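Undergrad:
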Amino acid sequence: WFAQSSGTSGGPRKFIPVSKESLENCHFKGGKDMLALYLANHSESSLFEGKNLIVGGSAQVHELNPNAYYGDLSSIIIRNFPFWAQFRQAARKSLTLLPDWESKLQQITERVCEEDVTMISGVPSWNVVLLRRVLDYSGAKTIAEVWPNLELYVWGGMSLGIHKEQFERLLGKSINYLQTYNASEGFFGIQDRFSQGTDDMLLMLDYGIYYEFIPESSWNDEQPKTLAIHEVALEEHYELVISTNGGLWRYRTGDVVQFTSLSPFRIKVSGRTSYSINLVGEELMEPHIQQVLPRVCDKYNAEIEEYTMGPSTQVCQGVARHEWLIEWNRAPLDLKGFTRDLDEGLMQANCDYAAKRHNDLVLEELHIKSLQQGHFYRWLSREGRLGGQVKVPRMRGDRSILDSVLTAQEL
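Counting from 13, one number per residue, gives the positions in the sequence shown under our numbering.
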């Protein structure tokens, strides 16, 4: 098997080897440990009295070899589910592996509305789409009316940040949230603490993976310095490097992690090395945005469906500017105030950004362009990237993503 990476950062997709050993001793082991950790913290759970809903990607025969198969990771896992996972699925395997996203979404919606779903798993952005379809099909006002026993959402692959409010509004009830770090390359982390405000995960050390870490200062070096796990420090940004029993050797994942505890080792995923912009030395990274954007949305009662950002074409006398493309579910009444507070929040979160913003000498205040609802969905559809593990790239140091997204309004 080959897991096809989602190409989230705008680069080419990769084919990651997935062996039988890595499925059994990494991904499926992670699934068992995840359930064990959840139940250990929620002894009153009724999780196993209902079913799990997961919407996977498509799995296809690799064109170069009829004996080699590829798809996104979720499809490979679904195709090879052990018996203890298969019998709990709300949708049949044949439905979850349909190649056409729209057809799959419609058929799964019709199928699962009558099931007793207690757990949902998947990438937040696509699960929001699914929950809306369920409400449209069922005629219910909230998901709680359709699945009153729903108690757990297992997520990963992107920040829940801007989607958390959408989930709570669609659900109409309080449920538990559990974060996992399950990538195409391996299952790395599981949330083991559920108190308010905790967002870190246990780093899983017995899954057939050897970890190394590249400090931020060496990310762009031809021969970067790497640290073993006993050499890391708290709160520093590291790029994750792995060697696995699936066949990867010193593979740079591009994921950025920070350690929140060294005994046991706990991490949080803070972004990607490619999710940064440094036009004039501002060194803005995804963690800065994740720290500020939800807070500004709360202040202005705004709700974002999707967004991306990069360099603006409007450069005057050598002064740069960042351009944001935002699709709103609920736009702020005061967009100028929202823009100002977002800009000021980024200055507080990042001293380099603040220095370059001083008196607008080299970097002007950011600019927000609002997009019509459904814009990013149309763009992903045009790119053939609906469903599965695909995420909208949050930022890019050039205009390739911005220009591509903007052309979707011409469809």
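Backbone N, C-alpha and C fix where the C-beta goes; we use that ideal spot for every residue, glycine too.
Just so you know, these numbers come straight off a predicted model, no measurement behind them.
1) Which residue comes first and which comes last in the beta strand (DSSP E) that contains L246?
2) Indicate whether L110 and Q119 have their beta-carbon atoms separated by less than 8 Å.
3) Terminal residues of the continuous alpha helix (DSSP H) containing E114?
4) In whole angstroms, what separates the C-alpha of E197 from that of L85?
5) Please state the DSSP three-state secondary structure of V5.
6) Could you check if D410 is buried or exposed, using at least 16 other CB atoms within 10 Å of its CB as the buried criterion?
7) Considering only the beta carbon of each residue, do M407 and I289 sit closer than 8 Å?
8) In chain order, what are the residue ranges of uninterrupted alpha helix (DSSP H) at least 4 long that sit wholly in the stretch 222-287?
9) Using the beta-carbon count (16 or more within 10 Å), is A15 buried or exposed?
10) At which residues does the beta strand (DSSP E) containing Y189 begin and terminate?
11) Quick check: what's the CA-CA separation for T121 versus L296?
12) Assess contact between the stretch 50-67 and the stretch 237-252, defined as three or more Cβ pairs (one per stretch) separated by less than 8 Å. Is contact present?
13) Count the other CB atoms within 10 Å of the CB of F179; is the residue buried (16 or more) or exposed (fewer)?
14) Name the residue from H54, A343, F350 whose alpha carbon lies nearest to the alpha carbon of V304.
15) Roughly how many angstroms separate the alpha carbons of S21 and Q270, rounded to a whole number?
16) For G357, does the three-state DSSP call read helix, strand or coil?
17) If you draw a straight line from the alpha carbon of E157 to that of T130, how long is it in whole angstroms?
18) For L423, which of helix, strand or coil comes out of DSSP?
19) Let me confirm a value: G258 is counted as buried when at least 16 other C-beta atoms fall within 10 Å, else exposed. Which label applies?
20) Give me the residue from S31, F93, W13 with the minimum Cα distance to N79.
21) Could you check if S17 is buried or exposed, using at least 16 other CB atoms within 10 Å of its CB as the buried criterion?
22) Between G201 and L190, which are expected to be in contact by the criterion C-beta below 8 Å, what is the C-beta distance as a whole number of angstroms?
23) What is the DSSP secondary structure of T320, reduced to helix, strand or coil?
TA: The answer reads as follows:
1) L246 -> no beta strand (DSSP E), and no H or E assigned at all.
2) yes
3) 113-124
4) 9 Å
5) For residue 5 there is no data in the structure shown, the boundaries of the chain being 13 and 423.
6) exposed
7) yes
8) none
9) buried
10) 188-195
11) 40 Å
12) no
13) buried
14) F350
15) Any reading at S21 must be qualified, since the residue scores a pLDDT of 48, below 50, and its modelled position is unreliable; the value itself is stated next. Straight-line Cα distance between these residues: approximately 20 Å.
16) helix
17) 13 Å
18) Note that L423 has pLDDT 49, beneath the 50 cutoff, so the model's placement of it is unreliable and no number is given.
19) buried
20) W13
21) buried
22) Actually they are not in contact, since the Cβ atoms of G201 and L190 sit about 11 Å apart, beyond 8 Å.
23) strand
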